[in-house]
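> Questions regarding the structure given below will be posed in turn.
Okay, here's the thing in structure tokens:
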């Protein structure tokens with residue numbers, strides 16, 4: 237059941253989350269995120285940056301979940317065991 | 020004794036007790052039910068189980084404390100939380116399916132089957148228990164701290180009372196008891212932390228934004244790295260985040276949550292909604308900055324100290340009760356999950372595989388249980404889990420009192436480097452068809468020996484440790500590298516796993 241669509245979806249997703257992680261650590265975080273200005277709603281930018289990554293990850297996860305891109309098949313309890321093991 | 024807070028705290032303990040016990044009565048009994056709640060958690064329970072378990076007393080007390088001590092270094096909790104559970108989104112559904120099909124309820128059980136090696140299970144189980152104890156002690160300490168602030172009792176007495184309640188509902192309710200109490204605990208924590216996190220800065224400075232204006236003027240070094248007195252280099256901060264991300268989803272009690280969900284989709288859904296729990300950390304950061312401005316203490320009493328800033332205001336007793344309640348909920352919701360998982364892991368992952376060994380058989384005869392092995396005795400297993408849960412709680416409680424001997428902070432260092440050693444076994448086990456039992460054993464032994472060895476050297480011969488580890492890399496990371504190399508090399512040297520086995524694991 238591994239369609240091309242979900243294969244590419246998984247790859248893009250892994251790539252996205254790798255980038256999201258990179259944005260939180262050296263060298264990207266000190267380069268772009270680690271500063272006080274500009275402030276948003278009074279919060280320092282260093283904090284806004286981290287919150288923005290969380291928000292963005294949340295949005296991506298919602299999309300992945302809704303589109304059923306990652307590992308979308310479900311075992312029903314009455315299914316023959318071994319049925320789930322598509323190569 | 021603070022009457023209102025004491026009333027709230029005791030009422031809460033009573034409710035947690037009743038809900039936990041009643042929820043537990045609704046199941047069929049039996050080990051499978053006790054450990055995995057018949058895999059019947061719906062979305063609501065699942066959401067709070069994941070969230071409440073992760074947000075421990077350590078997060079609640081430690082986050083504002085970290086701001087006071089190290090400034091924006093405390094953001095690392097948000098940073099690793101942003102990605103930490105994401106791996107579960109990719110493999111959680113598959114783990115849930117395989118678990119349901121094969122009847123697995125623990126992480127080690129699953130990988131012992133994948134690698135056809137009971138030794139893998141014993142190694143993982145034993146290492147897990149070592150990691151759990153310090154983590155439990157921290158939770159007990161949180162509970163003791165609150166009870167001391169509320170009633171004036173010594174920490175150990177308060178912790179004993181709270182964990183007495185936890186023990187009762189864990190023992191009576193099993194997974195289901197833990198799940199339902201987590202729902203209450205999660206709601207309380209979310210509400211309490213947001214209320215005080217907004218209310219306190221607003222009362223003292225006018226608004227959260229105005230409070231940050233003051234921080235920018237008076238203590239700007241607390242808002243960016245490397246923080247006050249340049250204590251946190253960005254590289255150190257980054258390596259901590261990466262370590263936490265890699266280890267986060269490997270904690271066995273987290274991994275076990277895959278098995279308790281009602282469906283594979285639900286495992287993914289709980290990952291999707293996990294970031295909403297991170298927004299609950301945010302008000303704790305605000306509170307940390309209030310403490311920075313008002314010169315609060317840089318230890319774990321800072322949260323309760325903050326509440327006392329508004330002593331004399333009419334709302335103070337209510338606020339205090341609310342915060343005490345939240346800390347207690349945080350401590351209990353993590354502590355109960357650790358106790359429950361610890362008991363299940365000790366019995367199913369360590370005792371059962373050892374039982375069939377000659378030594379295990381001899382021991383069983385000595386205990387007068389020669390007729391029926393524990394593996395076939397479902398009630399006996401549940402009973403054994405209960406005994407282990409009690410022992411775990413007792414050991415942690417004793418360690419809480421005996422702070423002279425071993426430092427809890429030191430033990431935590433060891434605790435956090437252990438789950439990350441499961442990463443190669445889990446990842447290669449799920450994604451690399453060539454990985455086999457020889458490799459898994461070699462990797463685990465190499466990784467765990469490295470971690471424990473380096474830890475002991477660090478404590479006994481700091482000079483030697485500095486020569487061995489000149490860059491002061493985290494010991495978990497060094498262990499992980501050794502572990503991965505060993506697993507790859509030995510897997511390639513060992514036999515190829517047969518096709519039927521791989522098919523069971525959807526490889």
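Chains as they are written, first to last, in our numbering: chain B, 237 to 323; chain L, 20 to 526.
Quick reminder that beta carbons are idealized off the backbone N, C-alpha and C, glycines included.
#1: Could one say the Cβ of residue 134/L lies closer than 8 Å to chain B's Cβ atoms, at least one of them?
#2: From this set, 375/L, 514/L and 480/L, which residue's C-alpha is nearest residue 391/L's C-alpha?
#3: Does the count of Cβ pairs from the region 283 to 292 of chain B and the region 242 to 251 of chain B closer than 8 Å reach three?
#4: May I have the straight-line CA-CA distance separating residue 521/L from residue 31/L, to the nearest angstrom?
#5: For residue 279/B, write down the residues that DSSP places opposite it in a beta bridge.
#6: Do you know offhand how far residue 250/B's Cα is from residue 464/L's?
#7: If you run the structure through DSSP and keep just helix, strand and coil, what is residue 480/L?
#8: By the 7 Å beta-carbon criterion, what residues does the region 236 to 267 of chain L contribute toward chain B?
#9: What residues in its chain sit with their C-beta under 8 Å from that of residue 157/L, if we drop five residues either side in the sequence?
#10: In angstroms, rounded to a whole number, what distance separates the CA positions of residue 11/L and residue 132/L?
#11: Select from the region 274 to 292 of chain L all residues with a C-beta closer than 7 Å to any C-beta belonging to chain B, and list them in chain order.
#12: Taking contact to mean at least 3 C-beta pairs separated by less than 8 Å, is the region 108 to 122 of chain L in contact with the region 392 to 406 of chain L?
#13: If you draw a straight line from the alpha carbon of residue 204/L to that of residue 514/L, how long is it in whole angstroms?
#14: One question on the structure: do residue 435/L and residue 260/L come within less than 8 Å of each other, judged by their Cβ atoms?
#15: Do residue 185/L and residue 64/L come within 8 Å of each other at the CB atom, strictly closer than that value?
#16: What does the alpha-carbon distance come out to for the pair residue 282/B and residue 91/L?
#17: Would you report the Cα separation of residue 393/L and residue 169/L, rounded to the nearest angstrom?
#18: In chain order, what residues of the same chain have a beta carbon less than 7 Å from the beta carbon of residue 106/L, not counting five sequence neighbours either side?
#19: Would you list, in chain order, the members of the region 105 to 123 of chain L that have their beta-carbon closer than 7 Å to a beta-carbon of chain B?
#20: On the DSSP letters alone, give me the boundaries of the alpha helix (DSSP H) that residue 84/L sits inside.
#21: For residue 252/L and residue 148/L, I'd like the C-alpha separation in whole angstroms.
#22: Note the first and the last residue of the continuous alpha helix (DSSP H) segment covering residue 379/L.
#23: Taking 8 Å as the CB-CB limit, is residue 57/L close to chain B?
#24: So, is the C-beta of residue 22/L closer than 8 Å to a C-beta in chain B?
#25: Cα-Cα, which of 418/L, 526/L, 282/L and 243/L is closest to residue 269/B?
#26: What are the start and end residues of the alpha helix (DSSP H) that includes residue 264/L?
#27: Using a 10 Å radius around the Cβ and a threshold of 16 neighbouring Cβ atoms, would you call residue 20/L buried or exposed?
#28: Please classify residue 330/B: does DSSP put it in a helix, a strand, or coil?
#29: How about the region 458 to 472 of chain L and the region 290 to 310 of chain L: do they share at least three Cβ pairs that are nearer than 8 Å?
#30: For residue 237/L, which residues in the same chain have their Cβ closer than 8 Å to its Cβ, ignoring the five residues on either side in sequence?
#31: Measuring only the C-alpha atoms, how far is residue 176/L from residue 120/L?
#32: With distances taken between CB atoms, is the gap from residue 340/L to residue 27/L smaller than 8 Å?
#33: Contact criterion: CB-CB distance below 8 Å. Does residue 271/B meet it with respect to chain L?
#34: Excluding the 5 residues preceding and the 5 following residue 192/L in the sequence, name in chain order all residues of the same chain whose CB lies nearer than 7 Å to its CB.
#35: Answer with buried or exposed for residue 114/L, where buried requires no fewer than 16 other C-beta atoms within 10 angstroms of its C-beta.
#36: Can you check whether the CB of residue 266/L is closer than 8 Å to the CB of residue 83/L?
Reading from the atomic positions:
#1: no
#2: 375/L
#3: no
#4: 48 Å
#5: 276/B
#6: 30 Å
#7: coil
#8: 239, 242, 243, 244, 253, 254, 257, 260, 261 and 264
#9: 75, 76, 77, 427 and 431
#10: Beyond the ends of chain L as shown, which are 20 and 526, falls residue 11/L; an answer cannot be given.
#11: 282, 283, 284, 287, 288, 290 and 291
#12: no
#13: 49 Å
#14: no
#15: no
#16: 8 Å
#17: 44 Å
#18: 268
#19: 105, 108, 109, 112, 113, 116, 119 and 120
#20: 76 to 89
#21: 33 Å
#22: 377 to 385
#23: Annotation note: pLDDT 47 at residue 57/L (below 50); position unreliable, coordinate value reported separately. No, its Cβ sits nowhere closer than 8 Å to a Cβ of chain B.
#24: no
#25: 243/L
#26: 253 to 267
#27: exposed
#28: Residue numbering for chain B in the displayed model covers 237 to 323; residue 330/B lies beyond these limits and cannot be assessed.
#29: no
#30: 312
#31: 45 Å
#32: yes
#33: yes
#34: 39, 40, 42 and 43
#35: buried
#36: no
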